[in-house]
Amino acid sequence: MELLQYALDNASLLLSRTIEHIALVGVAVGIATLTGVPIGIAITKNERVAQGVLYMASIIVTIPSIALFGIMIPVLSLIGHGIGYVPAVIAVLLYSQLPIIRNTYTAINNVSPALREAARGIGMSPNQRLRLVEIPLAIPVIMAGVRTAVVLNIGVMAIAAYIGAGGLGTFISRGISQSDPRQLIVGAIAVSLLAIIVDYSLLYLQKRLTPRGMSREAAAT
Amino acid sequence: MIRLESLTKVFDTQKGAVVAADHIDMEVPEGEICVLLGPSGCGKTTTLKMINRIVKPTSGKVFINGDDTTGLDTQTLRRNIGYVIQQIGLFPNMTIEENITIVPKLLGWDKTKYKARAREMMAMIALEPDAFLKRFPSELSGGQQQRIGVARALAADPPVMLMDEPFGAIDPINRAVIQDEFLKMQQDLNKTIMFVSHDIDEAIKMGDRVAVFREGKLVQYSTPDDLLAAPKNAFVESFLGEDRALKRLNLVKVREIVTDEIGTVIPSDTLESALAKIDDYGYQNAILMVNERKQPAGIINRSIARTTKGYCRDHFQAVPAVVDLDDDLRKAASLMFAHDQTWLPCVDKEGTVCGQITQRAMTSHLGARYRARQGDDRKPSAAIKE
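Chains A and B supply the protein sequences, listed in that same order. The first sequence begins at 1 in our numbering and counts up by one. The second sequence begins at 1001 in our numbering and counts up by one.
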């Protein structure tokens, strides 16, 4: 009851923090998609490069977010952005690379050899094959990668409050420092709810983006 | 026309170089279907795929309608060759219409032209355009999908088609139907077609010519009938199977060996005269009775004719079977076996009796080429055995 009262009293703050949180993750994963998908497609051309890139991306994910922020503070201080918005976005951007690159790479590689041969055999150029066949077929799996990245990073972004990036993490960090369980719990519940809601919204988007002829197969996965 | 000039493919593998196709020279005349036949790994598919450069030739040349394709840009080359594969390979993200019109689109046709073409193709493969064009491949049966696959390959009206075991993944009943449909289409289309198969029966049915491959080499290239009657060596002979003489039954029409010597009686003849005719013509069991329009009406059994007095019209039995002039010998033989007959009456399109076909004539027709061959080249065939 007390929690609900607190949430209602601070509804406008909660809302603005939520929007801030979404904006941070959205910008970061958005940029990550723009970089990750082309990288994922590019590495399908060379098995060894692909293994190297995927390995690097995996290592990045193993770095604890607090440590990553710590590393970035001195580096980004050189351009005056040691803390705040910039390092938060960069961290999320880096964490998002693995799921997005890996899913893109797997999806493009898994387009059936028969379809590739048919596409080559009827005289499509490599770009046409990518645009007309491979990417449309890969979309459901690429979108699943984006979803993973978003959900993963809604959690990471909560920690970014410690370097002053804002977002729902602010409630949690203040709750801890002020020994105020209401703020802590409201913040934590808000982050979880946000992750669930965003995941379902993206699932809907994924279904919409899946080419119609494939929706039956995609529904099974 | 497709001409291959010393077309060769060498694959570099860990175990060293493997020659998949070794100086293949052959020519498929315009409007003919050439079936590339052989066991797996014999180089037939490699040879086919070198024509549209899915497999890059190591050396040699491919000519299409007399023009060397070596200098041609790969995409242009492929857009002008119809390509059908066993796995069909329809794009699941595209509607049937988009699948069929993809090559015309790549070639830059305008929208009204390629839309009209899609409907034309659907009519050709006997699928209702309004019901199918907006559907997706996953909603179609395997047989329907492969018809669309053929339509896609034909959409831009290429002079040449390559088909890699196109009907291999379709169940036997549907396969026979699609083969027949395809042959019927080909009568109008007159495409020059290379067709890979590992099925000897399919090769004989579909091919105007058959090219038999073994270990990267073209062993024999001839018409199906020549192939079956005169296999060049022991390998071809064993690949064709010991029942190869029977396979020729498919290739010969009743028309080719029918004789017009057929004894018949009419309903008003007496049984006595029927018996005389049976003996005249040397029939063992029975003679055919025809009506006034010379259509088969019944048979008079020898035993009845010998023991009974009266007219044919009162003592005939049902005709066991007749064959049409355009039936093949396989059907004729089957009917003879089924009804325990040594001869069958033959009818033309109007159903009028025009002769008979006997077991004797069939065996002697089929055997003639084998005997001729054994006469000419007993020595070479003996040499192969050594």
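We put the beta carbon where it would ideally sit given N, CA and C, even for glycine. Computed from a prediction, not measured in an experiment: that's the story for all the values here.
State yes or no: is the C-beta of residue i within less than 8 angstroms of the C-beta of residue j?
{"i": "A138 (chain A)", "j": "Q97 (chain A)", "result": "no"}
{"i": "V993 (chain B)", "j": "K1331 (chain B)", "result": "With chain B covering 1001 to 1386 only, the question about residue 993 (chain B) has no answer from this structure."}
{"i": "A119 (chain A)", "j": "V133 (chain A)", "result": "yes"}
{"i": "L1240 (chain B)", "j": "I1200 (chain B)", "result": "yes"}
{"i": "R956 (chain B)", "j": "A1155 (chain B)", "result": "The structure shown does not extend to residue 956 (chain B), since chain B spans only 1001 to 1386, so no value can be given for it."}
{"i": "A161 (chain A)", "j": "V191 (chain A)", "result": "no"}
{"i": "G1216 (chain B)", "j": "V1084 (chain B)", "result": "no"}
{"i": "E1079 (chain B)", "j": "L1048 (chain B)", "result": "Looking at the sequence itself, residue 1079 (chain B) is Arg, so the reference to Glu does not match. No, the Cβ-Cβ distance between R1079 (chain B) and L1048 (chain B) is not below 8 angstroms."}
{"i": "F996 (chain B)", "j": "I1178 (chain B)", "result": "Coverage of chain B is limited to positions 1001 through 1386, which leaves residue 996 (chain B) absent and any answer about it impossible."}
{"i": "D1208 (chain B)", "j": "T1223 (chain B)", "result": "yes"}
{"i": "A1153 (chain B)", "j": "M1122 (chain B)", "result": "no"}
{"i": "A88 (chain A)", "j": "I172 (chain A)", "result": "no"}
{"i": "M143 (chain A)", "j": "L93 (chain A)", "result": "no"}
{"i": "V1160 (chain B)", "j": "I1100 (chain B)", "result": "no"}
{"i": "I1204 (chain B)", "j": "L1246 (chain B)", "result": "no"}
{"i": "I1173 (chain B)", "j": "F1132 (chain B)", "result": "no"}
{"i": "R1369 (chain B)", "j": "A1229 (chain B)", "result": "yes"}
{"i": "G30 (chain A)", "j": "I101 (chain A)", "result": "no"}
{"i": "R182 (chain A)", "j": "E2 (chain A)", "result": "yes"}
{"i": "A1361 (chain B)", "j": "T1259 (chain B)", "result": "yes"}
Do you know offhand how far residue i's Cα is from residue j's?
{"i": "K1385 (chain B)", "j": "E1005 (chain B)", "result": "Confidence in K1385 (chain B) is poor, its pLDDT being 40 and thus under 50, which makes the residue's placement unreliable; the coordinate value appears in the next sentence. Their Cα atoms are separated by approximately 31 angstroms."}
{"i": "L226 (chain A)", "j": "P1137 (chain B)", "result": "Since the first and last residues shown for chain A are 1 and 221, residue 226 (chain A) lies out of range."}
{"i": "S1141 (chain B)", "j": "L1036 (chain B)", "result": "27 angstroms"}
{"i": "V156 (chain A)", "j": "I19 (chain A)", "result": "16 angstroms"}
{"i": "R1248 (chain B)", "j": "A1333 (chain B)", "result": "12 angstroms"}
{"i": "I154 (chain A)", "j": "A195 (chain A)", "result": "6 angstroms"}
{"i": "A23 (chain A)", "j": "D199 (chain A)", "result": "15 angstroms"}
{"i": "E1261 (chain B)", "j": "E1139 (chain B)", "result": "56 angstroms"}
{"i": "T1270 (chain B)", "j": "K1309 (chain B)", "result": "8 angstroms"}
{"i": "A32 (chain A)", "j": "S16 (chain A)", "result": "24 angstroms"}
{"i": "T1074 (chain B)", "j": "G123 (chain A)", "result": "7 angstroms"}
{"i": "I41 (chain A)", "j": "Y105 (chain A)", "result": "6 angstroms"}
{"i": "G52 (chain A)", "j": "I43 (chain A)", "result": "9 angstroms"}
{"i": "A1274 (chain B)", "j": "L1344 (chain B)", "result": "18 angstroms"}
{"i": "P1039 (chain B)", "j": "H1023 (chain B)", "result": "19 angstroms"}
{"i": "K1134 (chain B)", "j": "D1164 (chain B)", "result": "27 angstroms"}
{"i": "L34 (chain A)", "j": "V146 (chain A)", "result": "11 angstroms"}
State the start and end residues of the unbroken alpha helix (DSSP H) segment that holds residue i.
{"i": "D1260 (chain B)", "result": "Premise fails: D1260 (chain B) is in no alpha helix (DSSP H) and is neither H nor E."}
{"i": "V182 (chain A)", "result": "A small fix is needed here, since residue 182 (chain A) is Arg in this sequence, not Val. P181 to L209 is the span of the alpha helix (DSSP H), which, as asked, contains R182 (chain A)."}
{"i": "S96 (chain A)", "result": "Y85 to N109"}
{"i": "M1289 (chain B)", "result": "Where M1289 (chain B) is concerned, there is no enclosing alpha helix (DSSP H), although the beta strand (DSSP E) it sits in stretches over A1286 to V1290."}
{"i": "F1239 (chain B)", "result": "A1234 to L1240"}
{"i": "V61 (chain A)", "result": "E47 to T62"}
{"i": "Q1356 (chain B)", "result": "First-last for Q1356 (chain B): V1353 to T1358, but that is the beta strand (DSSP E), not the alpha helix (DSSP H)."}
{"i": "K1061 (chain B)", "result": "From DSSP, K1061 (chain B) is part of no alpha helix (DSSP H) but of the beta strand (DSSP E) over S1059 to I1064."}
{"i": "V27 (chain A)", "result": "A11 to A42"}
Please state whether DSSP places residue i in a helix, a strand or coil.
{"i": "D1342 (chain B)", "result": "The identity of residue 1342 (chain B) in the sequence shown is Thr, whereas the question assumes Asp. Coil."}
{"i": "K1134 (chain B)", "result": "coil"}
{"i": "D1326 (chain B)", "result": "coil"}
{"i": "S1268 (chain B)", "result": "coil"}
{"i": "Y162 (chain A)", "result": "helix"}
{"i": "K1215 (chain B)", "result": "Residue identity differs from the one stated: residue 1215 (chain B) is Glu in this sequence, not Lys. Residue state, collapsed to three classes: coil."}
{"i": "R1293 (chain B)", "result": "coil"}
{"i": "S125 (chain A)", "result": "coil"}
{"i": "Q1186 (chain B)", "result": "helix"}
{"i": "I79 (chain A)", "result": "coil"}
{"i": "D1225 (chain B)", "result": "helix"}
{"i": "R1378 (chain B)", "result": "Low per-residue confidence applies at R1378 (chain B): pLDDT is 44, beneath 50, and the placement is therefore not dependable, though the value from the model is reported in the following sentence. DSSP places R1378 (chain B) in helix when its eight states are reduced to three."}
{"i": "G70 (chain A)", "result": "helix"}
Terminal residues of the continuous beta strand (DSSP E) containing residue i?
{"i": "M1122 (chain B)", "result": "Not the beta strand (DSSP E): M1122 (chain B) falls in the alpha helix (DSSP H), residues K1111 to M1124."}
{"i": "V1028 (chain B)", "result": "G1016 to V1028"}
{"i": "K1349 (chain B)", "result": "It is not in any beta strand (DSSP E) - K1349 (chain B) carries neither H nor E in the DSSP assignment."}
{"i": "R1003 (chain B)", "result": "I1002 to T1013"}
{"i": "T1192 (chain B)", "result": "T1192 to S1197"}
{"i": "L130 (chain A)", "result": "L130 (chain A) -> no beta strand (DSSP E), and no H or E assigned at all."}
{"i": "M1163 (chain B)", "result": "V1160 to D1164"}
{"i": "Y1311 (chain B)", "result": "Segment: none, Y1311 (chain B) is in no beta strand (DSSP E) and carries neither H nor E."}
{"i": "G1082 (chain B)", "result": "I1081 to I1085"}
Against chain B: residues of the segment 121-140 of chain A by CB proximity under 9 angstroms: Residues of the segment 121-140 of chain A that bring their beta carbon within less than 9 angstroms of a beta carbon in chain B comprise G121, I122, G123, M124, S125, Q128, L132, V133, P136, L137 and I139, in sequence order.
Mind listing which residues of the segment 1062-1087 of chain B have their C-beta closer than 9 angstroms to chain A's C-betas, in chain order? T1074, Q1075, T1076, L1077, R1078, R1079, N1080, I1081, G1082, Y1083, V1084, I1085, Q1086 and Q1087
For the segment 63-81 of chain A, which residues have a beta carbon sitting closer than 9 angstroms to at least one beta carbon of chain B? none
Between the segment 104-120 of chain A and chain B, which residues of the former have a C-beta closer than 9 angstroms to a C-beta of the latter? S112, P113, A114, L115, R116, E117, A118, A119 and R120
Members of the segment 1112-1143 of chain B that neighbour chain A once the beta carbon cut-off is set at 7 angstroms: F1136, P1137 and S1138
At a Cβ cut of 7 angstroms, what residues of the segment 1153-1166 of chain B count as close to chain A, listed as they run along the chain? Result list empty, no residue passes.
When you check each C-beta in the segment 1087-1109 of chain B against every C-beta of chain A, which residues fall closer than 8 angstroms? Q1087, I1088, G1089, L1090, F1091, P1092, N1093, M1094, T1095, I1102, V1103 and L1106
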